[in-house]
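Residue numbers (the working numbering): 95 to 335. Presented below is the structure to which this report refers.
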């Protein structure tokens, strides 16, 4: 299938993440703690924790730091108790935005998210106001030049829902959340390493933004992503800067 060109946006996002490596550690630690608290500290029986530990290793987090935070979450060490909260709203041009947070202070977090929306041209919505425009799924994205036929053969055999090639030649594999790890493992075993591999909220449709609107939207997204309690920001804007 042909899909919307998103490679430039992906590269921009990866660049932003590389600039904020310290913030990445904070987010991954919170994810490890929540995953371990909810599903236990055994990587073999807790796929969410296993994914969080993979992210930690990819960010070069020391093994003792990972273990210490798992121990905190499972009660072996004293630690902070985080809860997950999702906020929804609208950005520039009516673009839909989801902000996933982990916090130890719900009152502080909602105030910061609401302020970010209102100060930078957005509007915070109610629960469910935009989430219906997204699909919770596994997503693996391969750089242009990777063999589409090989990706499609391996991915679909492993249980992927769809394989989409965009106009830049990047290849996107979509999976059910439950099958994400299985598909990822099969692709990597076949020598196919994705640039992006995550469980995400993928927009069903996109809103094209360019010029001033694109710059304003990017600023709003940057501010939301930079909030201390933010874990992930999902949106349906196709930004041309």
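Backbone N, C-alpha and C fix where the C-beta goes; we use that ideal spot for every residue, glycine too.
When you compare only the Cα positions, how much space is there between residue 314 and residue 168? Locating residue 314 in the chain shown gives position 220, counting from the first residue. Locating residue 168 in the chain shown gives position 74, counting from the first residue. Residue 314 and residue 168: Cα-Cα distance of roughly 36 Å.
Whole-angstrom distance between residue 122 and residue 204, CA atom to CA atom: If you number the chain shown from 1, residue 204 lands on position 110. If you number the chain shown from 1, residue 122 lands on position 28. Approximately 21 Å between the Cα atoms of the pair.
Residue 196 versus 257, 129, 231 and 226, residue with shortest Cα-Cα distance: Residue numbering aside, residue 196 sits at position 102 when the chain shown is read from its first letter. Ranking the options by Cα distance to residue 196, first place goes to 129.
Check whether the region 305-325 touches the region 185-192, taking contact to mean three or more Cβ pairs, one atom from each stretch, closer than 8 Å. yes
Rounded to a whole number of angstroms, what is the C-alpha to C-alpha distance between residue 215 and residue 290? Here residue 215 corresponds to residue number 121 of the chain shown, with the count starting at 1. Here residue 290 corresponds to residue number 196 of the chain shown, with the count starting at 1. If you take the alpha carbons of residue 215 and residue 290, they lie about 29 Å apart.
Would you call residue 331 buried or exposed, if buried means 16 or more other Cβ atoms sit within 10 Å of its Cβ? The sequence position of residue 331 within the chain shown is 237, counting from 1. Buried, because 16 or more other Cβ atoms sit within 10 Å of the Cβ of residue 331.
Smallest Cα separation from residue 227: which of 161, 241, 268 and 300? The residue given as residue 227 occupies position 133 in the chain shown. Considering only alpha carbons, the answer is 300.
Are there 16 or more other CB atoms within 10 angstroms of the CB of residue 213, so buried, or fewer, so exposed? Residue 213 sits at position 119 when you count from the first residue of the chain shown. Answer is exposed; the Cβ neighbour count stays below 16.
Who pairs with residue 268 in a beta bridge, going by DSSP? The residue given as residue 268 occupies position 174 in the chain shown. Per DSSP, 233 and 256.
Bounding residues of the beta strand (DSSP E) (the contiguous stretch that carries residue 88): Missing from the structure shown is residue 88; the chain here goes from 95 to 335 and no further.
Compare the C-alpha of residue 318 against each of 154, 152, 180 and 148 and name the closest. Taking the chain shown and counting its residues from 1, one reaches residue 318 at position 224. It is 180 whose Cα lies nearest to the Cα of residue 318.
Count the CB pairs spanning the region 149-165 and the region 271-280 that are closer than 8 Å, and state whether there are at least three. no
Just to confirm the assignment, what range does the beta strand (DSSP E) spanning residue 334 have? Along the chain shown, one-based indexing puts residue 334 at 240. Taken as a continuous stretch (DSSP letters only), the beta strand (DSSP E) holding residue 334 covers 331-334.
Please list, in chain order, all residues of the same chain as residue 176 whose beta carbon is under 7 Å from its beta carbon, the five residues on each side excluded. Locating residue 176 in the chain shown gives position 82, counting from the first residue. Here the set comprises 124, 127, 128, 196, 197 and 198.
Please classify residue 249 as buried or exposed, where buried requires at least 16 other C-beta atoms within 10 Å of its C-beta. Along the chain shown, one-based indexing puts residue 249 at 155. Label assigned to residue 249: buried.
Measuring alpha carbon to alpha carbon, tell me which residue in 243, 266 and 200 is nearest residue 324. In the chain shown, the residue the question calls residue 324 occupies position 230. The residue with the shortest Cα to Cα distance from residue 324 is 200.
Tell me the DSSP secondary structure of residue 284 in three-state form. As a working note, residue 284 is residue 190 in the chain shown. In this structure, residue 284 counts as coil in the three-state DSSP scheme.
Suppose the cutoff is 8 Å on Cβ atoms and the five residues either side in sequence are ignored; what does the same chain contact list for residue 322 look like? For the purposes of this step, residue 322 is identified with residue 228 of the chain shown, where counting begins at 1. So the list reads 120 and 206, once near-sequence residues are dropped.
Look up residue 323 in the DSSP assignment and say whether it is helix, strand or coil. Within the chain shown, residue 323 is the residue found at index 229, counting from 1. DSSP places residue 323 in coil when its eight states are reduced to three.
Go through its chain and collect everything with a Cβ distance to residue 222's Cβ below 8 Å, but skip five positions before and after it. Walking along the chain shown from the start, residue 222 turns up at place 128. 182, listed in sequence order.
To the nearest angstrom, report how far apart residue 202 and residue 254 are at their CA atoms. The residue given as residue 202 occupies position 108 in the chain shown. The residue given as residue 254 occupies position 160 in the chain shown. Near 39 Å, if we compare the C-alpha coordinates of residue 254 and residue 202.
Based on Cα-Cα distance, which residue from 261, 296, 143 and 210 lies nearest to residue 239? As a working mapping, residue 239 is identified with position 145 in the chain shown. Taking only the C-alpha atoms, the option nearest residue 239 is 261.
Would you call residue 271 buried or exposed, if buried means 16 or more other Cβ atoms sit within 10 Å of its Cβ? Position 177 of the chain shown, counting from 1, holds the residue named residue 271. Residue 271 comes out exposed.
Tell me the residue span of the alpha helix (DSSP H) that contains residue 240. For the purposes of this step, residue 240 is taken as the residue at position 146 of the chain shown. Per DSSP, residue 240 belongs to no alpha helix (DSSP H) and is neither H nor E.
For residue 153, which of helix, strand or coil comes out of DSSP? For the purposes of this step, residue 153 is identified with residue 59 of the chain shown, where counting begins at 1. Residue 153: coil per DSSP, three-state reduction.
Mind reading off the beta-carbon distance from residue 231 to residue 144? Whole number of angstroms is fine, and I expect it under 8 Å. As a position in the chain shown, residue 231 is number 137, starting the count at 1. As a position in the chain shown, residue 144 is number 50, starting the count at 1. Between residue 144 and residue 231 the Cβ distance is about 18 Å, and since that is not below 8 Å, they are no contact.
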